[in-house]
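The structure appears right after this line, and notes come after that.
There are 2 protein chains.
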Amino acid sequence: MLASMLMTPAKNAAPGAADRAYRLTKELVLTGELPGGHLFSEGEIAERLGVSRTPVREAFLRLQVEGLLNLIPKRGAVVVPVPPGEAEDVLDAREAVEAAAVRRLARRPDLIPDALERLHTVLDTQRAHADAGDLPAFAEADELFHRTIVAAGGNTLLLDFYATLADRQRRMNMHALRPIPARLPEVVDEHTALIAIIEAADADAFAPALRAHLDGVHRR
Amino acid sequence: MLASMLMTPAKNAAPGAADRAYRLTKELVLTGELPGGHLFSEGEIAERLGVSRTPVREAFLRLQVEGLLNLIPKRGAVVVPVPPGEAEDVLDAREAVEAAAVRRLARRPDLIPDALERLHTVLDTQRAHADAGDLPAFAEADELFHRTIVAAGGNTLLLDFYATLADRQRRMNMHALRPIPARLPEVVDEHTALIAIIEAADADAFAPALRAHLDGVHRR
DNA sequence: GTCTCCCATCATAGATACAAGCTGAGATGC
DNA sequence: GCATCTCAGCTTGTATCTATGATGGGAGAC
Numbered sequence: 005m006l007a008s009m010l011m012t013p014a015k016n017a018a019p020g021a022a023d024r025a026y027r028l029t030k031e032l033v034l035t036g037e038l039p040g041g042h043l044f045s046e047g048e049i050a051e052r053l054g055v056s057r058t059p060v061r062e063a064f065l066r067l068q069v070e071g072l073l074n075l076i077p078k079r080g081a082v083v084v085p086v087p088p089g090e091a092e093d094v095l096d097a098r099e100a101v102e103a104a105a106v107r108r109l110a111r112r113p114d115l116i117p118d119a120l121e122r123l124h125t126v127l128d129t130q131r132a133h134a135d136a137g138d139l140p141a142f143a144e145a146d147e148l149f150h151r152t153i154v155a156a157g158g159n160t161l162l163l164d165f166y167a168t169l170a171d172r173q174r175r176m177n178m179h180a181l182r183p184i185p186a187r188l189p190e191v192v193d194e195h196t197a198l199i200a201i202i203e204a205a206d207a208d209a210f211a212p213a214l215r216a217h218l219d220g221v222h223r224r
Numbered sequence: 005m006l007a008s009m010l011m012t013p014a015k016n017a018a019p020g021a022a023d024r025a026y027r028l029t030k031e032l033v034l035t036g037e038l039p040g041g042h043l044f045s046e047g048e049i050a051e052r053l054g055v056s057r058t059p060v061r062e063a064f065l066r067l068q069v070e071g072l073l074n075l076i077p078k079r080g081a082v083v084v085p086v087p088p089g090e091a092e093d094v095l096d097a098r099e100a101v102e103a104a105a106v107r108r109l110a111r112r113p114d115l116i117p118d119a120l121e122r123l124h125t126v127l128d129t130q131r132a133h134a135d136a137g138d139l140p141a142f143a144e145a146d147e148l149f150h151r152t153i154v155a156a157g158g159n160t161l162l163l164d165f166y167a168t169l170a171d172r173q174r175r176m177n178m179h180a181l182r183p184i185p186a187r188l189p190e191v192v193d194e195h196t197a198l199i200a201i202i203e204a205a206d207a208d209a210f211a212p213a214l215r216a217h218l219d220g221v222h223r224r
């Protein structure tokens, strides 16, 4: 399910018409190209990809489960609009999930060294992107950093859930904020501080620090 | 998405072959009638329900997204076995989600009175079932109690996620433990204590109390 | 007896065909 | 002009059909 997790971007040797339909449609929704509330049909996507309706149907079902599409029985599919308060909900959920991962680490200190190594690697990458001023790459590294924290906890359920949160965050950011170049070093510093807290296995200190960090980045 | 949330158990006027297939298959997996690791095919379910394979395929896809089925390209569907450590993961996740809900309540005290009323109602029901010694009803009320806490937080994302956790918990309990009659009053008492903490809006006290409670019930 | 290769069998993936429901625009009556 | 009725067109839901891939068991070589 999270197959493309840590592998190189291009890998899937599976052409799979259903997957293509899924990815395309999801991308259209997440980027806002299909705006919230928009009604469209399986046929449109099918034609656009040159496939039959069957794989598109499959894609729509997955997206409905993810809560991005609302399938109306004999009418079509509507893009679920970003609900009011979604930003708050996503941030709360992210905080809860990441904090849970760190709590687990505090209980299982043997997992910490490996986690630290991965986090430092990601952070180095992110710092390089910040220095280079590459905003998209920076944002991607940022997402990877936080996901790495969650992955370090080793809780598959939380990791999968976190992936859906990242999707929603991406969709929101599309319409709202983009990273401010001047703040990039600040973000890197805060990440460094988070790593220090993880290293100290101080689970109680992590949650407030993370909240402050997320607030600063996403609620300015 | 969580349409059947608070409505009476049976209601959906939509016969929908796809839904029937979904519910049947999910039940077979959750009850363990289809054991973990078992390989089966769309055709079996299709024949059993007297429908074509198409709606069954739909059901299988949903179950794959939920992580209960693993669809192998040209082979069939295997029931994902309960992974080792799943119990720990579910409990950690439940703790994280419920605690997040209570943190939100602590930040939004205006939501607390309504939450308390709902919780007391559910708890009364549960107490009655305990007195009557109705174990299944007690277990159901127990699940509703905890879900009510999450719902009170008003975070749709967390509530939906929590529903999937409840499914997994149900599946695990099928193979492992069942409630011990002698402990029922104790559970009610602990729930009462949790409500008191919510009433006091003491978010910091909630997480440890919940962990102790869940440990007592599910990790004895 | 054991290993290898080949193919009959079975399962999915996708395309196509068909049935049934919803909707909105235009016709109709007043 | 306005309300209502009707129906053509579009969309989904399900069934059926075809192509392709995977597998396991048996024939045959050794």
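Chains as they are written, first to last, in the numbering used here: chain A, 5 to 224; chain B, 5 to 224. Virtual Cβ for every residue (Gly too), placed ideally from N, Cα, C.
Quick check on this structure: which residue in T58(B), L65(B) and P85(B) has the alpha carbon closest to the alpha carbon of G41(B)?
P85(B)
Thinking F210(B) and A103(B) are a contact (beta carbons under 8 Å), I'd like their distance in whole angstroms, please.
6 Å
Rounded straight-line distance, which links the Cα of L188(B) to that of P140(B)
12 Å
With a Cβ-Cβ cutoff of 9 Å, do V191(A) and V221(A) count as a contact?
yes
By how many angstroms is the C-alpha of V69(B) removed from the C-alpha of I99(B)?
The sequence shown places Glu at residue 99(B), rather than the Ile named in the question. Distance between the alpha carbons of E99(B) and V69(B): 23 Å.
For the region 94–113 of chain A, list every residue whose C-beta sits within 8 Å of some C-beta in chain B, in sequence order.
V94, D96, A97, E99, A100, V101, A103, A104, R107 and R108
Which bits of chain A does E31(B) rub up against, with CB to CB less than 8 Å?
The contacting residues do not exist; E31(B) stays about 18 Å from chain A at best.
Can you name the residues of chain A whose CB is closer than 9 Å to the CB of G71(B)?
M5, T160, L161 and D164
The beta strand (DSSP E) that contains A156(A), what's its start and end?
Element bounds for A156(A): not the beta strand (DSSP E) but the alpha helix (DSSP H), L139 to G157.
What are the boundary residues of the beta strand (DSSP E) that includes V192(B)?
First-last for V192(B): L188 to E203, but that is the alpha helix (DSSP H), not the beta strand (DSSP E).
For a cutoff of 9 Å on Cβ pairs, would you count T196(B) as touching chain A?
no
Thinking C-beta only, is F64(A) closer than 9 Å to T29(A)?
yes
Rounded to whole angstroms, how far is the Cβ of R172(A) from the Cβ of V94(A), which I believe are closer than 8 Å?
5 Å
Roughly how many whole angstroms lie between the Cα atoms of T125(A) and T196(A)?
12 Å
At the level of alpha carbons, what is the spacing between E147(A) and A134(A)?
14 Å
Could you check if A200(B) is buried or exposed, using at least 16 other CB atoms within 10 Å of its CB as the buried criterion?
exposed
Residue-chain proximity (E121(A), chain B), Cβ-Cβ < 9 Å
no
For G89(A), the three-state DSSP class (helix, strand or coil):
coil
Residue burial classification, L123(B) (beta-carbon count within 10 angstroms, cutoff 16):
buried
Given G71(A), which residues of its chain have a CB within under 7 Å of its CB, disregarding the five upstream and five downstream residues?
V84
Identify every run of the beta strand (DSSP E) within the region 64–118 of chain A, keeping only runs that are complete inside it and at least 3 residues long; order them along the chain.
73–76 and 80–83
Please state whether DSSP places L232(B) in a helix, a strand or coil.
As shown, chain B starts at 5 and ends at 224. That puts residue 232(B) outside it, with no answer to give.
Chain-order list of residues whose beta-carbon lies under 7 Å from that of G47(B) (same chain, five-residue window excluded):
R57
Where does I49(A) sit, in a helix, a strand or coil, going by DSSP?
helix
So the alpha helix (DSSP H) E31(B) belongs to, where does it begin and stop?
A21 to L34
Would you kindly report the start and end of the unbroken alpha helix (DSSP H) that includes D208(B)?
A207 to H222
Coil, strand or helix - E121(A) by DSSP
helix
Do A22(A) and E62(A) have their CB atoms nearer than 9 Å?
yes
Specify the secondary structure class of V55(B) as computed by DSSP and reduced to three states.
coil
So, helix, strand or coil for E62(B), using DSSP?
helix
Should R66(A) be flagged as near chain B, meaning a C-beta pair shorter than 9 Å?
yes
Tell me whether L169(B) sits in a helix, a strand or coil according to DSSP, three-state version.
helix
List, in chain order, every chain B residue whose beta-carbon is nearer than 9 Å to that of E62(A).
R61, E62 and L65
Within chain B, partners of L169(A) - CB distance below 8 Å:
L161
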